[in-house]
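Trainee:
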Amino acid sequence: MPQTATHNRAEMTNSRQRNSWRELSFLWPLSKWLWSFALTLFGLALVTFAMTRLSPIDPALQLVGDHASQSTYEQARLELGLDQPLPVQFFRYVKTALSGNFGQSISTGQPVAKDIARTFPATIELATAAIILGAGVGLALGIAAAMRQGSWVDGLARFVSLFGYSVPIFWLGLLMLLLFYARLHWAPGPGRADVVFQYTVKSVTGFALVDTWISGKVGAFRDALAHLALPAIVLAFHALAAISRLTRAAILTELGQEYVTTARAKGASLGRIVFVHILPNVSGRLLTVIAISYASLLEGAVLTETVFAWPGIGRYLTTAMFAGDMPAILGATLVVGASFVLLNALTDLGVARLESGKKR
Numbered sequence: 021m022p023q024t025a026t027h028n029r030a031e032m033t034n035s036r037q038r039n040s041w042r043e044l045s046f047l048w049p050l051s052k053w054l055w056s057f058a059l060t061l062f063g064l065a066l067v068t069f070a071m072t073r074l075s076p077i078d079p080a081l082q083l084v085g086d087h088a089s090q091s092t093y094e095q096a097r098l099e100l101g102l103d104q105p106l107p108v109q110f111f112r113y114v115k116t117a118l119s120g121n122f123g124q125s126i127s128t129g130q131p132v133a134k135d136i137a138r139t140f141p142a143t144i145e146l147a148t149a150a151i152i153l154g155a156g157v158g159l160a161l162g163i164a165a166a167m168r169q170g171s172w173v174d175g176l177a178r179f180v181s182l183f184g185y186s187v188p189i190f191w192l193g194l195l196m197l198l199l200f201y202a203r204l205h206w207a208p209g210p211g212r213a214d215v216v217f218q219y220t221v222k223s224v225t226g227f228a229l230v231d232t233w234i235s236g237k238v239g240a241f242r243d244a245l246a247h248l249a250l251p252a253i254v255l256a257f258h259a260l261a262a263i264s265r266l267t268r269a270a271i272l273t274e275l276g277q278e279y280v281t282t283a284r285a286k287g288a289s290l291g292r293i294v295f296v297h298i299l300p301n302v303s304g305r306l307l308t309v310i311a312i313s314y315a316s317l318l319e320g321a322v323l324t325e326t327v328f329a330w331p332g333i334g335r336y337l338t339t340a341m342f343a344g345d346m347p348a349i350l351g352a353t354l355v356v357g358a359s360f361v362l363l364n365a366l367t368d369l370g371v372a373r374l375e376s377g378k379k380r
């Protein structure tokens with residue numbers, strides 16, 4: 021009996037050690053991803069800095085204007101640090117960016133960080149609504165098309181995929197505005213809210229749906245939801261096309277695998293095979309394409325925001341480019357790029373977590 025108790029204690033100790041090593045093994049890839057994330061951000065800062073310095077736009081001239089005297093122009097160059105060597109300028113740029121200070125916007129006269137804090141939530145809200153819609157419909161359509169290959173559902177999925185890839189997003193946005201706003205009057209006009217609600221609902225989070233919900237004004241919440249619907253549907257089309265196409269292809273590939281044949285031989289239905297056996301196996305690929313689509317929506321919402329007068333960071337960046345507003349261009353590009361890198365890093369972690377879960 022004493023020997024059995026000793027053996028059990030040893031087994032429990034070994035089991036605890038194995039679990040500890042399992043948990044610690046997750047930290048090594050995490051540290052690698054963090055290092056890769058930092059390096060990518062550094063590369064992004066270097067590229068954006070080089071692009072602005074190679075640009076023909078003179079930040080000092082943009083600041084003081086064409087009619088300023090030479091002494092005023094030289095003073096502006098000194099204040100902006102343009103008289104310093106490029107490595108010193110880059111070091112100052114990285115140092116101030118890390119502190120959240122991107123300088124003063126020439127267009128708005130406000131700190132760029134403040135402008136980004138005001139505009140980025142609008143883009144996140146639009147892109148999030150679009151990816152929820154695109155992922156939900158895309159996954160359902162891809163699964164239905166794979167389960168009914170060659171049927172009208174399959175044809176519809178391929179048509180939607182082709183339509184989403186080939187139709188220019190600004191053309192689709194203008195068409196939907198013309199149809200649902202100008203002709204049918206089913207949708208509200210451009211913008212995030214009607215004028216009557218713009219000054220009666222206090223901005224707390226920057227997300228219109230959340231702020232109107234917090235305010236307790238049902239009419240304002242419905243108005244924000246109605247303004248969000250049309251641009252979100254337009255933006256969701258591209259994500260929907262990619263997700264439905266990959267889902268269909270992944271399921272059809274898995275249907276030819278040996279484990280599916282075995283499950284069929286045991287009498288499993290097609291629905292059980294797809295939902296219980298195949299989808300968990302392809303979840304990593306689906307998560308990757310959804311995350312990439314989401315990141316693309318954050319980056320590529322520029323045209324949609326322009327068509328629908330959506331006050332997001334894409335529209336802010338476009339206005340800054342037309343005005344030659346270098347601090348705004350640098351700050352907005354860096355924030356959008358960092359969001360893309362962060363999203364990709366989180367996706368890698370999620371996929372690794374799913375893969376490790378399958379091995380257990």
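So the sequence shown is numbered by my numbering: it starts at 21 and just counts up by one.
No residue lacks a Cβ here, since even glycine has one placed at the ideal position from N, Cα and C.
Around the Cβ of T281, are there at least 16 other Cβ atoms within 10 angstroms (buried) or fewer (exposed)?
Mentor: As a working note, residue 281 is residue 261 in the sequence shown. Per the 10 Å Cβ criterion, exposed.
Trainee: Could you tell me the alpha carbon to alpha carbon distance between L323 and K286, rounded to whole angstroms?
Mentor: The residue labelled residue 323 in the question sits at position 303 within the sequence shown. The residue labelled residue 286 in the question sits at position 266 within the sequence shown. Rounded to the nearest whole angstrom, the CA to CA distance from L323 to K286 is 52 angstroms.
Trainee: Report all residues from its chain with a CB closer than 6 angstroms to the CB of L374; omit the five preceding and five following residues, and keep chain order.
Mentor: Looking up residue 374 in the sequence shown gives position 354. Excluding positions up to five away in sequence, the list reads S303, G304.
Trainee: What do you reckon, are the CB atoms on P347 and G123 nearer than 7 angstroms?
Mentor: Indexing the sequence shown from 1 puts residue 347 at position 327. Indexing the sequence shown from 1 puts residue 123 at position 103. Yes, these two residues count as a Cβ contact at 7 angstroms.
Trainee: By the 10 Å Cβ neighbour count, where 16 or more other Cβ atoms means buried, how is V132 classified, buried or exposed?
Mentor: Your numbering for residue 132 matches position 112 in the sequence shown. Counting Cβ neighbours within 10 Å, V132 comes out buried, since at least 16 surround it.
Trainee: Here's the rule: buried if 16 or more other CB atoms are within 10 angstroms of the residue's CB, otherwise exposed. What is M21?
Mentor: In the sequence shown, the residue the question calls residue 21 occupies position 1. Low local confidence applies: a pLDDT of 49 at M21 is under 50, so the model's placement there is unreliable, with the coordinate-based value given in what follows. Per the 10 Å Cβ criterion, exposed.
Trainee: Quick one, are the C-beta atoms of L317 and A147 less than 7 angstroms apart?
Mentor: As a working note, residue 317 is residue 297 in the sequence shown. As a working note, residue 147 is residue 127 in the sequence shown. Yes, Cβ-Cβ distance for L317 and A147 is below 7 angstroms.
Trainee: Quick one: what's got a C-beta closer than 6 angstroms to G158's C-beta in the same chain, skipping five residues either side?
Mentor: Taking the first residue of the sequence shown as 1, we reach residue 158 at position 138. Excluding positions up to five away in sequence, the list reads L260, I263, S264.
Trainee: Measure the C-alpha to C-alpha separation of A372 and I126 and round it to an integer number of angstroms.
Mentor: The sequence position of residue 372 within the sequence shown is 352, counting from 1. The sequence position of residue 126 within the sequence shown is 106, counting from 1. Rounded to whole angstroms, the gap between the alpha carbons of A372 and I126 is 44 angstroms.
Trainee: With a threshold of 8 angstroms on Cβ separation, who are the neighbours of L182 within its own chain once the five nearest residues in sequence on each side are excluded?
Mentor: On the sequence shown, position 162 is the one that residue 182 refers to. In its chain, beyond the 5 residues on either side, A261 have a beta carbon closer than 8 angstroms to the beta carbon of L182.
Trainee: State the DSSP-derived secondary structure class of P208, mapped to helix, strand or coil.
Mentor: Working through the sequence shown from its first residue, we reach residue 208 at position 188. In the structure shown, P208 sits in coil (DSSP, three-state: anything other than H, G, I, E or B).
Trainee: Just grab the DSSP bridge partners of P131 for me.
Mentor: Here residue 131 is taken as the residue at index 111 of the sequence shown, counted from 1. Note: P131 sits in a beta bridge opposite Q124.
Trainee: Excluding the five sequence neighbours on either side, which residues of its own chain have a C-beta within less than 8 angstroms of the C-beta of L176, listed in chain order?
Mentor: On the sequence shown, residue 176 is found 156 positions in, with the first residue counted as 1. The residues are L161, A165.
Trainee: Hey, out of L195, W206, A142, G351, whose CA is closest to V230's CA?
Mentor: Within the sequence shown, numbered from 1, the residue matching residue 230 stands at position 210. Comparing Cα-Cα distances from V230 to each of L195, W206, A142, G351, the minimum goes to A142.
Trainee: Under the three-state reduction of DSSP, which class applies to F227: helix, strand or coil?
Mentor: Start at 1 with the first residue of the sequence shown, and residue 227 comes out as number 207. DSSP places F227 in the coil class of the three-state scheme, outside both helix and strand.
Trainee: With V187 as the anchor, note down where its alpha helix (DSSP H) starts and where it stops.
Mentor: Within the sequence shown, the letter at position 167 stands for residue 187. No alpha helix (DSSP H) holds V187; DSSP gives it neither H nor E.
Trainee: Looking at F217 and V327, is the spacing between their C-beta atoms short of 7 angstroms?
Mentor: Translated into the one-based positions of the sequence shown, residue 327 becomes position 307. Translated into the one-based positions of the sequence shown, residue 217 becomes position 197. Taking 7 angstroms as the Cβ cut-off, V327 and F217 do not qualify as a contacting pair.
Trainee: Can you tell me which of H258, T267, L64, S51 puts its alpha carbon nearest to the alpha carbon of S186?
Mentor: Translated into positions along the sequence shown, residue 186 becomes position 166. With distances taken between Cα atoms, S186 lies closest to H258.
Trainee: Cutting at 6 angstroms between CB atoms, please list the residues of its own chain near A256, excluding the five before and the five after it.
Mentor: On the sequence shown, residue 256 is found 236 positions in, with the first residue counted as 1. Closer than 6 angstroms at the Cβ level, and outside the excluded window around A256, lie A150, L153, G154.
Trainee: According to DSSP, is H87 helix, strand or coil?
Mentor: Here residue 87 corresponds to residue number 67 of the sequence shown, with the count starting at 1. Reduced to three states, the DSSP call for H87 is coil.
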